[in-house]
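Line by line, the protein sequences are chains G and D. For the first sequence, my numbering assigns the number 104 to the initial residue and increments by one for each residue that follows. For the second sequence, my numbering assigns the number 123 to the initial residue and increments by one for each residue that follows. Every residue gets a Cβ at the ideal spot worked out from N, C-alpha and C, and that includes glycine. Nothing here was measured: the structure is a model prediction, and the numbers come from that model. Below is one structure, written out as structure tokens, with a few remarks after it.
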Amino acid sequence: MKLRSAIYLASAILALAAMTLASTLPSGAADKVDPVADAKAFQKFFTDKFPKVKFEDFVNGPYSMNEDLYRQWQDKEQFPPYEFALEMGKEMFSTPFKNGKTYADCFPNGGIGIRQNYPYFDEKEGKVITLELALNRCREANGEPPYSYVKDEMAALTAYMAFTSRGKLMDIKIPDDPRALEAYEKGKEYFYTRRGQLNFSCATCHVQSPGERIRAEILAPALGIVNAMPIYRSEWSGMGTTSRRFTTCNSQIRAVPLSPQDDEYRNVEYYLSYVSNGLPISGPGARP
Amino acid sequence: MIDSFKSKSARFPAFALALAIGAFACAGTAQAQSTVDEGRKLAFDRSKGNCLTCHVIKGGDLPGTIGPELVDIKSKYPKREDLVAILHDETLRNPLTVMPPFGRNRILTEKEINAVVDFLQTL
Chain G
104 MKLRSAIYLA SAILALAAMT LASTLPSGAA DKVDPVADAK AFQKFFTDKF
154 PKVKFEDFVN GPYSMNEDLY RQWQDKEQFP PYEFALEMGK EMFSTPFKNG
204 KTYADCFPNG GIGIRQNYPY FDEKEGKVIT LELALNRCRE ANGEPPYSYV
254 KDEMAALTAY MAFTSRGKLM DIKIPDDPRA LEAYEKGKEY FYTRRGQLNF
304 SCATCHVQSP GERIRAEILA PALGIVNAMP IYRSEWSGMG TTSRRFTTCN
354 SQIRAVPLSP QDDEYRNVEY YLSYVSNGLP ISGPGARP
Chain D
123 MIDSFKSKSA RFPAFALALA IGAFACAGTA QAQSTVDEGR KLAFDRSKGN
173 CLTCHVIKGG DLPGTIGPEL VDIKSKYPKR EDLVAILHDE TLRNPLTVMP
223 PFGRNRILTE KEINAVVDFL QTL
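So, in structure tokens, the structure goes:
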């Protein structure tokens, strides 16, 4: 009898916990797409969950979640592991293509201090354009072969472009175009949809469980996660782009990754960047 | 004489049966021990149960913190079938759970789930 009442009590607590969790999860099941309200609710969820974390610190991933790690990270920043990529990116950026043009010719403001405006919605094309995609298009338009999206040269170029934009606030726009709103909504849907043999969505780890450990690693909050891209990961022993992060996350949950820069990944990056509006660019980052 | 023979022969099968039960029981515990070991291996194996990624488990290094510590399992879940159900598909009980549906998505076989449950019941 005692046991039974204990079970009832436990299940009542569980149900209550599930209900609280459901009601505190951002986004909810909104009937119509309202990105402004979404972003507000999304940011409030994280600031309520981590009242001690300064808003601008959310861009520092796991380091914002743990004081010891934060100190270790500050030490690491003295000799950052992404420095090599940064140097390489800077040099690549100023080296002309065979036709004499440079990357600067493809971007507003010569490509300097513009990371916070990517991805953007291209109304001519009706699609989301990420920085990685724009860089490869720039190369192809100038007769150069495209780079792999996941690491090496692409990570070096985006590292340099992020570095010149450090401190600038993420500023993603959704133009008055139903296709832009649709891309945003599709990205949001992808973010919250469970997939893979392990049945995880992006949100399972990065909304429901930030600050928690999976084995020795601390999960990063989704808020501001894109602001730190690209990142040097000790686990990768090298640099990785947003494309690398998306595809490896999908592999880790035992889902079949999409191709880098697939429309769906571009939409997720659009959604995730939009809800991180107002947070500073901190890339390139370093992660365990 | 006949009586005593009768009773002797009646006693013999009883004795044999007792022996057989004893042998079976021994084999039973040996088998249970091996499934507990097997279950522990599965629980710590990253490509299998990988319970340690989210749960603190006695004897496991670098546990995660997402799920509750796996301790006093027998008093928390006296019914074996409840544990099997949680491992099979916890989303049925809690749609928001982080726990992967090990049975439904065939991450573990039914036999492997049973071995993990044997191990969990020793915690």
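Could you give the first and the last residue of the continuous beta strand (DSSP E) run that contains residue i?
| i | result |
| --- | --- |
| Asp225(G) | 223-225 |
| Gly216(G) | Taken as a continuous stretch (DSSP letters only), Gly216(G) belongs to no beta strand (DSSP E), as it is neither H nor E. |
| Gly343(G) | 341-343 |
| Tyr335(G) | 334-336 |
Comparing the C-beta of residue i with each C-beta of chain G, is any distance below 8 Å?
| i | result |
| --- | --- |
| Asn227(D) | yes |
| Val158(D) | no |
| Thr244(D) | no |
| Ile235(D) | no |
| Cys176(D) | yes |
| Ala145(D) | Legend: pLDDT at Ala145(D) = 49, less than 50; position of this residue unreliable, value from coordinates given subsequently. So no, Ala145(D) is outside the interface. |
| Ala149(D) | Reliability fails at Ala149(D), whose pLDDT of 49 lies under 50, so the model's placement of it is uncertain and no value is given. |
| Thr187(D) | yes |
| Leu184(D) | yes |
| Pro190(D) | no |
| Val220(D) | yes |
Between residue i and chain D, is there a C-beta pair that is closer than 8 Å?
| i | result |
| --- | --- |
| Leu124(G) | Reliability fails at Leu124(G), whose pLDDT of 49 lies under 50, so the model's placement of it is uncertain and no value is given. |
| Cys352(G) | no |
| Leu301(G) | yes |
| Gly131(G) | Low local confidence applies: a pLDDT of 47 at Gly131(G) is under 50, so the model's placement there is unreliable, with the coordinate-based value given in what follows. False, the Cβ-Cβ gap to chain D never drops below 8 Å. |
| Thr307(G) | yes |
The alpha helix (DSSP H) that contains residue i, what's its start and end?
| i | result |
| --- | --- |
| Lys195(D) | With the sequence shown as reference, residue 195(D) is identified as Ile, and Lys is not the correct amino acid for it. 195-198 is the span of the alpha helix (DSSP H), which, as asked, contains Ile195(D). |
| Ala237(G) | 234-244 |
| Tyr374(G) | 366-377 |
| Gly290(G) | 281-295 |
| Arg390(G) | It is not in any alpha helix (DSSP H) - Arg390(G) instead sits in the beta strand (DSSP E) that spans 388-390. |
| Asp274(G) | Element bounds for Asp274(G): n/a, residue is neither H nor E. |
| Arg174(G) | 170-179 |
Can you tell me the Cβ-Cβ gap for residue i and residue j, rounded? I've got them flagged as a contact below 8 Å.
| i | j | result |
| --- | --- | --- |
| Leu284(G) | Gln219(G) | In fact, because the Cβ distance is near 21 Å, the residues do not count as touching under 8 Å. |
| Ile384(G) | Ala207(G) | Contact flag wrong, Cβ pair sits at about 19 Å. |
| Gly343(G) | Arg336(G) | 6 Å |
| Gly186(D) | Glu338(G) | With 8 Å as the limit, Gly186(D) and Glu338(G) do not qualify as a contact, their Cβ atoms being about 15 Å apart. |
| Val136(G) | Tyr287(G) | 7 Å |
| Ala244(G) | Pro333(G) | Not a contact, Cβ separation roughly 22 Å. |
| Ala331(G) | Val156(G) | About 15 Å separates the two Cβ atoms, so there is no contact after all. |
| Thr267(G) | Ile215(G) | 5 Å |
| Lys230(G) | Arg369(G) | 7 Å |
| Arg242(D) | Leu184(D) | With the sequence shown as reference, residue 242(D) is identified as Leu, and Arg is not the correct amino acid for it. No, Leu242(D) and Leu184(D) are not in contact; Cβ-Cβ is about 19 Å, not under 8 Å. |
| Leu230(D) | Lys163(D) | With a Cβ gap of about 12 Å, Leu230(D) and Lys163(D) do not count as contacting. |
| Pro363(G) | Thr350(G) | 6 Å |
| Ile188(D) | Ala165(D) | That pair is no contact at about 15 Å. |
Shorter than 8 Å from the beta carbon of residue i to some beta carbon of chain C?
| i | result |
| --- | --- |
| Cys176(D) | Reference to chain C is not applicable here, since the protein chains of this structure are G and D. |
To be precise: take each residue of the segment 309-337 of chain G, compare its Cβ to all Cβ atoms of chain D, and keep it if any distance is under 7 Å. Which residues remain? Gln311, Ser312, Glu315, Arg316, Ile317, Arg318, Ala319
Can you find at least 3 beta carbon pairs, one from the segment 158-171 of chain G and one from the segment 313-328 of chain G, that sit closer than 8 Å? The answer is yes - the segment 313-328 of chain G touches the segment 158-171 of chain G, with three or more Cβ pairs under 8 Å.
Can at least three beta-carbon pairs, one atom from the segment 195-211 of chain G and one from the segment 252-265 of chain G, be found at a separation below 8 Å? yes
Taking three-plus beta-carbon pairs below 8 Å as touching, is the segment 286-301 of chain G in contact with the segment 374-387 of chain G? yes
Pairs of beta-carbons, one from the segment 159-174 of chain D and one from the segment 366-374 of chain G, closer than 8 Å: are there three or more? no
With contact counted as at least three CB pairs below 8 Å, one residue from each stretch, are the segment 219-228 of chain D and the segment 298-308 of chain G in contact? Enough Cβ pairs lie closer than 8 Å, so yes.
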